[in-house]
Amino acid sequence: MFIESCDPLCPFRFASEEKFGCVPIPLLPELLSSTSGLPSESQTKEIMQHVGRLEDEISTTNSQIARLTAAIEQLIEYRVELAACVKSYRGLVSALRGFPNELLVEIFERCLDSDTSHLYPHQHASWVISHVCSRWRGVALSTPSLWRHIHVPDYLGFHPSLITTQLERAGPMTQLLIELPSDCTTETLNRLLSVSAQWAEACLYLTFDGFSHFFRHTGKFSALKTLSLSSWRAFPSTFDVNWDESLPLLQEIELKLSNEKVPRQLPLPWAQLRVCAVKDISSLELLWLISQLSGVATVSVLNGTNSDNEVSTSPTRSTLISLSLNDWGDYFVSDFLKFLVTPALETLRFESTASRLPMSLLLPFLKRSKCVLKRLSIDAYIPKIDLIVILKLTQLRSVSSLELPCAAICDGGIAELASLRQLRTLEVQNSSNMDPFLAQSLREALPNIDELVFR
1 MFIESCDPLC
11 PFRFASEEKF
21 GCVPIPLLPE
31 LLSSTSGLPS
41 ESQTKEIMQH
51 VGRLEDEIST
61 TNSQIARLTA
71 AIEQLIEYRV
81 ELAACVKSYR
91 GLVSALRGFP
101 NELLVEIFER
111 CLDSDTSHLY
121 PHQHASWVIS
131 HVCSRWRGVA
141 LSTPSLWRHI
151 HVPDYLGFHP
161 SLITTQLERA
171 GPMTQLLIEL
181 PSDCTTETLN
191 RLLSVSAQWA
201 EACLYLTFDG
211 FSHFFRHTGK
221 FSALKTLSLS
231 SWRAFPSTFD
241 VNWDESLPLL
251 QEIELKLSNE
261 KVPRQLPLPW
271 AQLRVCAVKD
281 ISSLELLWLI
291 SQLSGVATVS
301 VLNGTNSDNE
311 VSTSPTRSTL
321 ISLSLNDWGD
331 YFVSDFLKFL
341 VTPALETLRF
351 ESTASRLPMS
361 LLLPFLKRSK
371 CVLKRLSIDA
381 YIPKIDLIVI
391 LKLTQLRSVS
401 SLELPCAAIC
411 DGGIAELASL
421 RQLRTLEVQN
431 SSNMDPFLAQ
441 SLREALPNID
451 ELVFR
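First residue of the sequence shown: 1, per the UniProt record's numbering; consecutive thereafter.
As structure tokens, then:
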């Protein structure tokens, strides 16, 4: 700790003295002129003596600067110690210490459920909370729901015993959120499968062996509602199990697999699904999947492609209510829309940064389906005249929500938008370069709309 010094050599006393402006009067100033000649021998001797005195003064000043710097550093350390003491004592009288455990549990659960949680990584927040203090640790260990999110990291050094510890803390009644972001050992997967009845949501990245163990699991996934399967490797082509009764509550599935021939190879209860998202799938497989869905369902497709240019041979009729196509291939979208019939379709979305909206396929598809759209979203290139044609369709007379690209809107399109009596929400995408007069015309043409958004 710093102790103030009263020594004559005290750096603070030295610094407080008036040093500035007290530089010794120049010796022989006439010699410093640019027009002066060489000094005499006696002058040279006198100059060297004067330089020596100045260098001694510089050395003394440097020593005092070093002592003063050290003293300041000691004061800074002392201030840090004082601040730490203040923080500790303020913590003793903090209102947070008086919170009942029930309220702490609610706060922790809301933090873990929030998408904006500052506890990073979010999946390990329960471990972070349990290491703050003894009270928080006690609350965390006595609250099974805080341990429901089980995330197996992909870094080296992770030990499977941590999974066992977390499962023990979650208890046998807690519904679990399982996340395997990368390859995991068979030991880890089998340990998680041993409590499959507690799974509520699962996001799995599986290897060949992982697929084998997962689909040959004989236990039930009694609480599983959402399942995501990912793999960029080959997986078994056939499975000798039927999961129609193993997944009684499954409602949503996401498939990101490196095989266009799925999903018919997977023994999943397709008929009970309500939401299905697939990536890298052929039109044949997608039409088959849609044909298996019963009741109302939502389907979204990313990167639909037919690598072998395979085509369908018969129409597929479906009760699909929502369809999203993202970054489709030409052969895929041609075959898919040509054979699909969806009379119950209410929501249709197209999104592509590279492909043009397939008007020659879209119009026959809508007319053939005789659907009544309520929501239409187009985030792809579409000529202005084509948008006018779409807005004139009888299938859009009851549309309530539209998302359209700014570049496709023109005066004719505005007139057609004004004729849509059920329209309540309009979102104009990429509107930063929109003509302000056109934007104003759009506002004036839709005075009764509930929400007009320019993005």
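Cβ coordinates follow ideal geometry from the N, Cα and C atoms, glycine included.
I think residue i touches residue j, with their Cβ atoms under 8 Å apart; what is that distance to the nearest whole Å?
| i | j | result |
| --- | --- | --- |
| L257 | L229 | 7 Å |
| L250 | L227 | 6 Å |
| R137 | L176 | Going by Cβ atoms, the distance from R137 to L176 rounds to 21 Å, so no, they are not a contact pair. |
| A297 | D327 | At roughly 21 Å, the Cβ-Cβ gap does not stay under 8 Å, so A297 and D327 are not in contact. |
| I281 | V301 | 6 Å |
| H213 | N190 | 6 Å |
| S283 | F350 | The Cβ separation is near 16 Å, so there is no contact. |
| T186 | P160 | Incorrect: roughly 10 Å between the Cβ atoms, too far for contact. |
Which residue's Cα is closest to the Cα of residue i: the options?
| i | options | result |
| --- | --- | --- |
| S196 | L247, L206 and S231 | L247 |
| A275 | Q292, Q49 and S283 | Looking at the sequence shown, residue 275 is not Ala but Val. That would be Q292, whose Cα lies nearest to the Cα of V275. |
| K279 | P263, C184, T313 and Q440 | P263 |
| A202 | F211, K225, N190 and G210 | K225 |
| residue 460 | L255, E245 and W127 | Not covered by the structure: residue 460. The range shown for the chain is 1 to 455. |
| R424 | K374, Q395 and P383 | K374 |
| S316 | R368, L302, P405 and I281 | Going by the sequence as given, residue 316 is Thr instead of Ser. Taking only the C-alpha atoms, the option nearest T316 is R368. |
| S142 | S130, L287 and E46 | S130 |
| F365 | S212, I390 and P267 | I390 |
| V299 | W199, T347 and N430 | T347 |
| N430 | E444, I449, N303 and P405 | P405 |
| T174 | G210, S134, F215 and S222 | S222 |
| A407 | L68, S432, D56 and R53 | S432 |
| S377 | E427, L68, T188 and M434 | E427 |
| H151 | L363, V51 and A125 | A125 |
For residue i, which three-state DSSP category applies?
| i | result |
| --- | --- |
| K45 | helix |
| L452 | strand |
| F350 | strand |
| Q429 | strand |
| C184 | coil |
| S318 | coil |
| N242 | coil |
| D335 | helix |
| R356 | strand |
| H131 | coil |
| I382 | coil |
| V341 | strand |
| E215 | The sequence given here places Phe at residue 215; Glu does not occur at that position. Correct three-state label for F215: helix. |
| P172 | coil |
| T164 | helix |
| P267 | coil |
| D435 | coil |
| R137 | helix |
| P121 | In this predicted model, P121 has a pLDDT of only 49, less than 50, meaning its place in the structure is not dependable; the value taken from the coordinates is given anyway. Here P121 sits in coil by DSSP. |
| Q422 | coil |
| C371 | coil |
| T143 | coil |
| P39 | coil |
| H50 | helix |
Output the distance between the C-alpha atoms of residue i and residue j, rounded to the nearest integer angstrom.
| i | j | result |
| --- | --- | --- |
| E451 | L402 | 11 Å |
| D386 | L340 | 22 Å |
| Y120 | L289 | Only weak support is given to the placement of Y120: the predicted model assigns it a pLDDT of 45, under 50, and the question is left unresolved by the model. |
| I58 | P153 | 60 Å |
| S40 | Q49 | 14 Å |
| E416 | A271 | 39 Å |
| D244 | S400 | 37 Å |
| L361 | K338 | 7 Å |
| V132 | A140 | 10 Å |
| H118 | R110 | A caution first: H118 carries a pLDDT of 44, below 50, which makes its placement in the model unreliable, though a value can still be read off. Near 12 Å, if we compare the C-alpha coordinates of R110 and H118. |
| Q265 | L323 | 23 Å |
| V372 | L420 | 13 Å |
| I414 | L442 | 6 Å |
| N62 | V105 | 59 Å |
| L286 | C410 | 36 Å |
| F2 | E77 | Because F2 carries a pLDDT of 42, less than 50, the predicted location of this residue cannot be relied on, and the following value inherits that uncertainty. In a straight line, the C-alpha of F2 is about 9 Å away from that of E77. |
| T116 | P181 | A caution first: T116 carries a pLDDT of 44, below 50, which makes its placement in the model too unreliable to give a value. |
| R356 | F208 | 37 Å |
| V86 | A95 | 16 Å |
| L446 | L396 | 16 Å |
| G304 | F332 | 6 Å |
| T165 | G219 | 22 Å |
| T319 | L103 | 46 Å |
| P267 | Y205 | 18 Å |
| I253 | S352 | 23 Å |
| A71 | E81 | 15 Å |
In the DSSP assignment, what residue or residues form a beta bridge with residue i?
| i | result |
| --- | --- |
| C203 | E179 and S228 |
| E403 | S377 and E427 |
| I253 | L227 and C276 |
| V301 | V278 and L325 |
| H151 | E179 |
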